[in-house]
Structure formats: structure tokens, C-alpha cells
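Numbering-wise (our numbering), the sequence shown opens with residue 782 and increments by one.
Right, one structure below, let's go through it.
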Amino acid sequence: ALVICACGDDENEPSLPSGCSGSNGVYASEVVTTNLGCIPTNAFTNAEELLGAPNASATGPGKTEYQGFVSLGVNGSATVFMGSCIQDLPGADIRVYQSVSREAVEVQVSQSKDGPFVSLGFEDCNDPPPFFQGFCEFDLAGSGLNNVRFVRVIDRETITFPRAACDNTGMSPGADVDAIQVVHPGS
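Structure (C-alpha cells):
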């Protein structure tokens, strides 16, 4: 018996969906929607801080001197469009950068801004001292999705801190998200 095997055949290579053409980097490139919580006590509500590479920092010793992130507020959320499609490859596919503390976040993904969104679960995003270096990772495996561009991050601080509430969490209630990164970019 003669067996012929074709490897690297360009005509049979899987292609990315049309919505995955073009790349604008590996970080969130556009804020689609927000549902921030704990307004008006939340002092960090500029959702544009989610865009681009991690850049959270402190300009001084006080909490009001932090910059470069958005606080989601207790049970708050933000949905972003990623600069590249997220492919389901071995290991983590999405990285969420968390600043200031170690609140839990849930990540949901979709191939459309209108959904449906599929949960990838939640993680306690650790941010050990020195602050502004913590992240948690999520895997598309098991979601039934591949090549997605829409990511929703939801605060799940009450999992980490059961008594968290808008009136007792200070000026940055909920998860303090600095950036969202595609670990395995497509296109």
C-alpha cells in the first residue's frame, strides 16, 4: 500500500474567519461597553485605561496617586475589542493585568460584540508587591470557541473578599484592570 502524506499544504491550512483579518497588536484596542459599579465613589472610571500594554503605576504614596487602570466596581464589567484574534492553542490564551490588590475577575468571550458570551471562569488575580505586576490567565479550551475578538471582564471581588461593597472598598472598588492581552494572536 502506498500512503501519501501532504504536510504544509497551503491550500488545506485552516484560515482565520473574515472578522480576524488584520491585526492591531496583542492588547485591547477598543472599549465596546462598560457597566462600571460603585459610582460615584469609584475614582478610577476611565475605561480607556484598559487599552494598550500594561502601564499602571503610582506617582506617589497615596491611593489617589495611582494611574493607568480602571476599577470595575463591585460586579462591574467592561467589554473590549482585541487588537488580534485570540486563538485556542495549548496553555493560556488571554492574560488580564490586575493592579493594586488581588480581586477575582471572570472573563467571558464572544465572536460578536452582541454575544452570546461564553464564560471562561474566574481567577483570583494576584498582584503581589511591588504592585502593578500581577495578572491572571484564561484558556479558551472547553469554551467551544476559537478566534474570538471580544472579551468581557467582570469583577468578582466578592469571591476574594466576601464583604466587599461599594461603601467599604475605598476609591478603587472592584478589580483594578490595567490591560488585557492576547497570548496566542491570530493574523
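All residues carry an ideal CB built from backbone N, CA and C; glycine is no exception.
The structure presented is a predicted model; accordingly, all values stated were derived computationally and were not measured.
The alpha-carbon separation between residue 816 and residue 857 amounts to approximately 5 Å. Just measuring C-alpha positions, the residue of 959, 826, 941 and 931 sitting nearest residue 866 is 931. Only exposed fits residue 944, as fewer than 16 other CB atoms lie within 10 angstroms of its CB. Between residue 832 and residue 812 the beta-carbon gap is near 7 Å, inside 8 Å, which marks them as a contact.
Cβ contact annotation for residue 903 (same chain, cutoff 6 Å, sequence separation greater than five): 885, 887 and 937, in chain order. Nearest to residue 819 by alpha-carbon distance, out of 933, 861, 870 and 946, is 946. For residue 918, the enclosing beta strand (DSSP E) has its first and last residue at 915-919. For the set 926, 956, 920 and 922, the Cα lying nearest the Cα of residue 893 is the one of 926.
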